[in-house]
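Shown next, in structure tokens, is the structure this report addresses.
Residue numbers (my numbering): 242 to 625.
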């Protein structure tokens, strides 16, 4: 099959050579142009035939490759056939062995059937016993199911008891935590209360010290003012006496008239002393260092014979007025404490009535923190 295209191509090439040999080209002949055309046409036909031959050759090559592939497939099929044949032989041998075993099994079956026929009564008896055992097994199963149900019920009850126990333990732990928190809060409140009490005691001590210092300063200031008034009075009296002596020496001839004049001058000096003492007391009253409510205006008794003793009496009256005023301040403190207790009672009444802390604070004009502290201290006193 592969030799035919080669022979055809050789024939074509030989024919073309023969044609060229038989038809020489004459360039001078008038038919040379036709010959060239014919030659070109022939060459083109030959080229076409060569292309066709190449295509045929390629097809033949492809066909040869396909044949080779088919040969390989045939060889593979032969190999598989041989393997299949060997497997078939093995299967035939296995079939023969199985047939032999089947014959043996048949003989064994016949023997077993004979033995079964012999033990059939025993089998029936065993079947009856099996039925009874099955009934007993069913009854046992029912009893077991009943026991399981009772056990499940007991488990559920036990689980409920466990849950209740857990809840009780959790509640107890919560109560213990709340008790501990309350104890800590109580201890904290006690410490705060103790601290507040210490601060109050310290404040009272400082206040008492300040009061004593203020009282001492007031007394010293008043004493200094009184001493100053005494000194001024003594100076004025000395000046008046000097003037009186000079007048007595210059006017010896006017003794009778001088006595009357002395009386007038003495009265004028006494009035002057009274004005000085009053002015000093007014200065004491108007002094910014001493509040006006702590000093009472002292009445000066007119003593024409001893103006110095009048000044001393005035100072004594000032001291007594200061002492009386301190007593009044203590009374004011007692009144303030009483009013404070009344305010606390009002807070307690409003709290017991169920009013909120905001309402109590608005009604009593007391801060919320002070109200909470008062209520907590009252609870602590009630518990104690």
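Every residue gets a Cβ at the ideal spot worked out from N, C-alpha and C, and that includes glycine.
- Our two residues, residue 389 and residue 337, have alpha carbons roughly 58 Å apart in a direct line.
- For residue 604, the enclosing alpha helix (DSSP H) stretches over residues 598-605.
- Residue 588 is classed as buried because its beta carbon has at least 16 other beta carbons within 10 Å across all chains shown.
- In the structure shown, residue 594 adopts coil according to DSSP, grouped into three states.
- Spanning the alpha carbons of residue 420 and residue 413 requires a straight line of approximately 10 Å.
- With fewer than three CB-CB distances shorter than 8 Å, the stretch 593-608 does not count as touching the stretch 398-416.
- Between residue 430 and residue 615, the C-beta spacing is not below 9 Å.
- DSSP places residue 322 within a helical segment (H, G or I) once states are collapsed to three.
- For residue 608, the secondary structure class from DSSP, reduced to helix, strand or coil, is coil.
- When secondary structure is reduced to three states using DSSP, residue 492 falls in the coil class, being assigned neither helix nor strand.
- Apart from the 5 residues on each side of it in sequence, residue 619 sits with its Cβ closer than 7 Å to the Cβ of 589 in its chain, given in chain order.
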